[in-house]
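In the working numbering, the protein residues as written are 208 to 570.
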């Protein structure tokens, strides 16, 4: 084997890494194994690169079809507020994973038949290969001579190669299982996100960080007792204030109602007096009228009668003015009593509503 994994013909490390090399590289078994593994890694990288380019092309297609302008990255499309774009993108990514068959491409990378036409394997058996390697190394005069490889020296390499191939097969199976699980998880996530409503951003935040939401809920529960005590104290204070205001208003209303009742009684008494006086005057007027009719024209003293009539008319007008004045005072008292009654009703309604709201707000 060449020193430090270098070809005897001095091939560069980059040339050997990309699966290229001279005949001397392919004649050495360990260098050949290194070239095969390097080419497999290159193919795997190309597969994932193609998948990445497909995802980027899909993102551009989403933005063009939906006429979205601006800078939108992977995190914006996946966790942003545009629910339709996010759901459609996840669904399309799942379809790409199923249609491109990334798992099959990765497994094909480890199948020698898939890339045998790229390598220049010499058509010789193992014994001839050993002789060629031994002869090629022995002909170099500038290097110290080495003994030809024996079967005992190559057996560990074969065992190592078998172990590596078995390990690769196990890794392939594990990779297939992981790809299947990832595909199932993507499908489940896509179905769940499609079932969510467009206004379920809070639920998404809760599902993405449940520990933080749990801590917030526990903190809210622990603080609820303190808030309840504070609300009870505020309710007691407000209730006492409202009861004091109610008592004061009741006292004021009772005092005002007593005064109004007294004034109404006085006005009623005056009104009765005026009515009795009007009745007396009306009866007197009737008597005078009948007496006037009995008097003959010869006995009639016109000046006396006119004076008497004017006196009676003046007294009647005075009485009428007093009656109107009493009626106006009575109307004012009734209006004031009505206003006080309405004020009292409004006060009771406000107190009842505040007490009802306080009872409803109490948990």
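Every residue gets a Cβ at the ideal spot worked out from N, C-alpha and C, and that includes glycine.
No experiment lies behind these values; they were computed from the predicted model shown.
Query raised in the report: Are three or more beta carbon pairs between the region 515-528 and the region 479-492 nearer than 8 Å?
Result: With the cut-off at 8 Å, the region 515-528 and the region 479-492 touch.
Requested in this report: Count the other C-beta atoms from every protein chain shown that fall within 10 angstroms of the C-beta of residue 559, then say buried if there are 16 or more, exposed otherwise.
Outcome: One-based indexing of the chain shown puts residue 559 at position 352. By the neighbour-count rule (16 or more Cβ atoms within 10 Å), residue 559 is not buried but exposed.
Query raised in the report: DSSP on residue 341, reduced to helix/strand/coil?
Result: Walking along the chain shown from the start, residue 341 turns up at place 134. Unreliable positioning characterises residue 341 in this predicted model, as indicated by a pLDDT of 43, which lies under 50. The coordinate reading is nonetheless provided below. Note: residue 341 maps to helix in three-state DSSP.
Report task. Express the C-alpha separation of residue 392 and residue 310 in angstroms, rounding to a whole number. Result -> Sequence index remark: in the chain shown, residue 310 carries index 103 (1-based). Sequence index remark: in the chain shown, residue 392 carries index 185 (1-based). Legend: pLDDT at residue 310 = 45, less than 50; position of this residue unreliable, no value from coordinates given.
**Report entry** Check whether residue 544 and residue 467 have beta carbons under 7 Å apart
**Finding:** Taking the first residue of the chain shown as position 1, residue 544 is located at position 337. Taking the first residue of the chain shown as position 1, residue 467 is located at position 260. The beta carbons of residue 544 and residue 467 sit closer together than 7 Å.
Query raised in the report: By the 10 Å Cβ neighbour count, where 16 or more other Cβ atoms means buried, how is residue 369 classified, buried or exposed?
Result: As a working mapping, residue 369 is identified with position 162 in the chain shown. Around the C-beta of residue 369, fewer than 16 other C-beta atoms lie within 10 Å, and the residue is accordingly described as exposed.
Query raised in the report: Short check: CB of residue 477 to CB of residue 533, under 7 Å?
Result: Here the question's residue 477 lines up with position 270 in the chain shown. Here the question's residue 533 lines up with position 326 in the chain shown. Against a cut-off of 7 Å, the Cβ pair of residue 533 and residue 477 comes out as a contact.
Query raised in the report: Got a sec, what are the start and stop residues for the alpha helix (DSSP H) residue 416 sits in?
Result: Counting from 1 along the chain shown, the entry for residue 416 is found at position 209. Run containing residue 416: none; DSSP gives neither H nor E here.
Query raised in the report: Could you give the uninterrupted runs of the beta strand (DSSP E) lying entirely in the region 491-529, keeping only those of 3 residues or more?
Result: DSSP runs (the beta strand (DSSP E)) wholly in the region 491-529: none.
Query - Cβ-based burial, residue 567 [other Cβ within 10 Å; buried from 16] - result: Locating residue 567 in the chain shown gives position 360, counting from the first residue. By the neighbour-count rule (16 or more Cβ atoms within 10 Å), residue 567 is not buried but exposed.
Query raised in the report: Of the residues 401, 454 and 463, which one's Cα is nearest the Cα of residue 546?
Result: Counted from its first residue, the chain shown places residue 546 at position 339. It is 463 whose Cα lies nearest to the Cα of residue 546.
Query - Closest Cα partner of residue 542 within the set 470, 399, 372 and 264 - result: Within the chain shown, numbered from 1, the residue matching residue 542 stands at position 335. Among 470, 399, 372 and 264, the Cα nearest to that of residue 542 belongs to 470.
Query raised in the report: Is the distance from the Cβ of residue 554 to the Cβ of residue 465 below 7 Å?
Result: Position 347 of the chain shown, counted from the start, is the residue given in the question as residue 554. Position 258 of the chain shown, counted from the start, is the residue given in the question as residue 465. The answer is no: Cβ separation not under 7 Å.
Query raised in the report: At a cut-off of 6 Å, is residue 469 close to the ligand NAP when judged by its beta-carbon and the heavy atoms of the ligand?
Result: For the structure depicted, the ligand NAP is absent and the ligand set is empty, with no information on it obtainable.
Query raised in the report: For residue 376, does the count of other Cβ atoms within 10 angstroms reach 16, so buried, or fall short, so exposed?
Result: Counting from one through the chain shown, the residue named residue 376 turns up at place 169. Label assigned to residue 376: exposed.
Query raised in the report: Tell me which same chain residues have a C-beta within less than 7 Å of the C-beta of residue 519, skipping the five on either side of it?
Result: On the chain shown, residue 519 is found 312 positions in, with the first residue counted as 1. Here residue 519 has 492 as same chain residues with Cβ atoms under 7 Å from its own Cβ, once five neighbours each way along the sequence are excluded.
Report task. Compute the distance between the beta-carbons of residue 551 and residue 460, then report whether it is under 7 Å. Result -> For this step, residue 551 is matched to residue 344 along the chain shown. For this step, residue 460 is matched to residue 253 along the chain shown. Inclusion of residue 551 and residue 460 in the CB contact set at 7 Å is warranted, their separation being smaller than that value.
**Report entry** Cα-Cα separation between residue 366 and residue 418, rounded to whole angstroms
**Finding:** Residue numbering aside, residue 366 sits at position 159 when the chain shown is read from its first letter. Residue numbering aside, residue 418 sits at position 211 when the chain shown is read from its first letter. Residue 366 and residue 418 have their C-alpha atoms spaced approximately 50 Å apart.
Query raised in the report: Who are the near neighbours of residue 512 in its chain, counting only those whose CB is closer than 8 Å to its CB and skipping five residues on each side?
Result: The residue labelled residue 512 in the question sits at position 305 within the chain shown. The answer, listed in chain order, is 499.
**Report entry** residue 565 beta carbon less than 7 Å from that of residue 442
**Finding:** Here the question's residue 442 lines up with position 235 in the chain shown. Here the question's residue 565 lines up with position 358 in the chain shown. A contact, by the Cβ cut-off of 7 Å.
Query - 6 Å Cβ shell around residue 453 - same chain, five flanking residues per side excluded - result: If you number the chain shown from 1, residue 453 lands on position 246. Sequence-distant Cβ neighbours of residue 453 in its own chain, meaning closer than 6 Å and more than five residues away, are 558.
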